[in-house]
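For reference, the structure discussed in these notes is given below.
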DNA sequence: TGTGCTTTTGCACAGCTGTGCAAAGGGAGG
DNA sequence: CCTCCCTTTGCACAGCTGTGCAAAAGCACA
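This is the structure we're talking about:
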């Protein structure tokens, strides 16, 4: 790690003091001019603004963060931010946060739990107003530490319980159950669950919903779990499933990314027609799910509502925790055989 | 916009003062314990660290930013951050910056030039050490403003000239020329350029390279430009090109994303076989380019080297500008007819 | 011109950290 | 024990902003 960069003087930004000198007013008048609601005469304001513009002055928000109860910074803790769904959620979140006057500090983690702790500590060092955890599972002890540092926590699609945090959850279990029913009602004789080995909450719950629904209906289903959550894993899942003696004719993939891989293998290596020979359901409604080659039936997460929930909760001054449950919506495209639109529940 | 959040006291983090009291030392000893290279005895250090751990203390980096010449924050200014290539570059950049001890502030812009100015001003307000511009074209006058605020500028794939900035550029023109040659050498009789109407530097240069090479060879090519840089535009480009009386048998798409759309249309609506009836070259080597259904021949940007260039330049204390030109590498897959590997230049 | 009320202004302090420098402390050697 | 040298420590100040509060200024009315 780099050595201490040294004291301030080697970098001189324009400060309120310089503006005050140029405008012939006090430094306080400068501060007041840039503080909404503060009292300053129109004439003084004009002088200050002219001097500030001429000098290129920008209020130092680092210093402002010392005097206020909020820094205006929100940490976004996310791993694999280049996967389609994650990138989309990140884009929507930053958009919404900015519209609310917040600044996003992006912390790219490697998915380990220790990594999340490190990210939270970094957030505390910068006195961020909140941390939105999109990946990783913070240890319960971190809840107290965050509270002590005035850091509000938002957990998206995480199942750990933090009393003072906002939990934004999705009906993953119900969607898994629904996926099973759709496959069954579309005439699938042998359904399969395809998922990855990464133990993320969302994938586990979707898989659980699917398997539970099958059990409740006393219908056996095949369960296949391989590697990480990627397109390549989707291909491997397809190879494993379709190489079997009795391959399935319907598959629920817990993410679209894997579903795309599975679809490509089904067609390319096993000559299966979709949906005539095989029905496929994904999850996330990533952009590629709507591409001509895939036209994937999938579940769409209410991203805008998730973002709205986060920002609304941040606007509340009360420190109480909350839990919001949102529903993913079914997006019917061309990967499920029959499309009995009126009968699918 | 929200009203002023109010004075400090409503949020109390643990400060060095509290740690000093708990450890029975001065506040300066606490500061020294957390300042690399500062002098503090092992006994005092142990007392301070124990108290800090017990109280959950984290050095306030906002305050630290006032006393140092660097805040440690780097602004990343990016639009459409959920497109495959942009997301990948962002992931790599944040990874590399974090490894170098920097913190990424993400500013999501809407691609307008005014938006870039707003982003730069925000960066100045937070006294970020640098701003890396991935999207948008900052006006030349902003160079002086940034310098006055001690904000270093890095421009990736931008053609505006800023004397004190680091320019990281790609050989887009050469790649466009090369794409033309590859199509020609693979036997294409009628080549086409397919691009979007968004006037981003990279796309213009790739297109220019392609068209210039065709002109130099006195070979007429079709130029088609439509809408924004998306998969859907790729489809429209395909429809426009293949509906013509004499459709092309080779297409250079200035991005992979559009190439995927064009390929899907070529196959799905025009029954064209790839590469037998049509050769396609893309650009960016996004993840989907390697998907079974596409296996796109494309150019891959040296993302790691781009990130390395940025971080290396940030490590230099000299304030001089620099320009780094990197080469994209050809990735041969299955969308170009003949694969004369030894003859392609 | 004087009075009363409102608005504006600037001083002094606060928030939290890092550091120059003088004083204090510690250790080694004569 | 004393001296010298090195290390450690704490004071006071700096970086930049916002704000309570008292003083000053401005304005309207009699």
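Residue numbers (my numbering), protein chains in the order written: chain A, 1 to 345; chain B, 1001 to 1345.
Using N, Cα and C, we set each Cβ at its ideal position, and we do this for glycine too.
Source: prediction; values computed, not measured.
query                                                                                                                                                                                : result
Just to check my reading of the structure: residue 1321 of chain B and residue 1162 of chain B have Cβ atoms closer than 8 Å, yes? What is that Cβ distance to the nearest angstrom? : 7 Å
CA-CA distance, residue 1045 of chain B and residue 1059 of chain B?                                                                                                                 : 15 Å
Does residue 325 of chain A come out as helix, strand or coil in the three-state DSSP assignment?                                                                                    : strand
Less than 8 Å between C-beta atoms, sequence neighbours within five positions excluded: which residues of the same chain meet that for residue 74 of chain A?                        : 97, 102, 103, 104, 105, 128, 129, 130, 131, 132 and 314
Check each residue of the region 1056–1069 of chain B: if its Cβ is closer than 7 Å to any Cβ of chain A, include it; give the result in chain order.                                : 1056, 1058, 1059, 1060, 1061, 1062, 1063, 1065, 1066, 1067, 1068 and 1069
Look up residue 269 of chain A in the DSSP assignment and say whether it is helix, strand or coil.                                                                                   : coil
Is the number of C-beta pairs between the region 1013–1024 of chain B and the region 214–221 of chain A that are closer than 8 Å three or more?                                      : no
Any residues in the region 1090–1104 of chain B with a beta carbon nearer than 7 Å to a beta carbon of chain A? Which ones, in chain order?                                          : 1090, 1091, 1094, 1095, 1098, 1101, 1103 and 1104
Can you give me the Cβ contacts of residue 287 of chain A inside the same chain, cut-off strictly under 8 Å, excluding the 5 residues immediately before and after it?               : 84 and 88
Taking Cβ to Cβ, would you say residue 71 of chain A is nearer than 8 Å to residue 1062 of chain B?                                                                                  : yes
Nearest chain B C-beta to residue 313 of chain A closer than 8 Å, yes or no?                                                                                                         : no
Could you tell me which of A/188, A/175, A/295 and A/115 sits nearest to residue 208 of chain A, measuring between CA atoms?                                                         : A/175
Please report how far the alpha carbon of residue 42 of chain A lies from the alpha carbon of residue 307 of chain A, in whole angstroms.                                            : 39 Å
Is the beta carbon of residue 297 of chain A sitting closer than 8 Å to the one on residue 332 of chain A?                                                                           : yes
Using beta carbons (cut-off 8 Å, strictly below), is residue 87 of chain A in contact with chain B?                                                                                  : yes
Extract the residue ranges of the alpha helix (DSSP H) inside the region 102–156 of chain A, only unbroken runs of 4 or more that lie entirely within it.                            : 113–125 and 141–148
Could you tell me which residues DSSP puts in a beta bridge with residue 320 of chain A?                                                                                             : Per DSSP, none; premise fails for residue 320 of chain A.
Compute the Euclidean distance between the alpha carbons of residue 152 of chain A and residue 164 of chain A, then round it to the nearest angstrom.                                : 8 Å
Could you check what DSSP says for residue 39 of chain A in three-state terms: helix, strand or coil?                                                                                : coil
Take every Cβ of the region 265–272 of chain A, pair it with every Cβ of the region 136–147 of chain A, and state whether three or more of those distances are shorter than 8 Å.     : no
With a threshold of 16 other CB atoms inside 10 Å of the CB of residue 1197 of chain B, please say whether the residue is buried or exposed.                                         : exposed
Would you kindly report the start and end of the unbroken beta strand (DSSP E) that includes residue 1068 of chain B?                                                                : Looking at the DSSP string, residue 1068 of chain B is not in any beta strand (DSSP E), and its letter there is neither H nor E.
Quick check on residue 1139 of chain B: buried or exposed, where buried means 16 or more other Cβ atoms within 10 Å of its Cβ?                                                       : exposed
What three-state label does DSSP hand residue 1167 of chain B in the structure shown?                                                                                                : strand
So for residue 34 of chain A, helix, strand or coil by DSSP?                                                                                                                         : coil
Between the region 1262–1285 of chain B and chain A, which residues of the former have CB atoms less than 9 Å from a CB of the latter, in chain order?                               : 1263, 1264, 1265, 1267, 1268 and 1269
Output yes if chain B places a C-beta closer than 8 Å to the C-beta of residue 288 of chain A; else output no.                                                                       : yes
Check for me: the alpha helix (DSSP H) holding residue 1177 of chain B runs from which residue to which?                                                                             : 1172–1185
Can you tell me where the alpha helix (DSSP H) holding residue 1238 of chain B begins and where it ends?                                                                             : 1231–1242
Apart from the five residues on each side of it in sequence, which residues of its chain come closer than 6 Å, Cβ to Cβ, to residue 47 of chain A?                                   : 23
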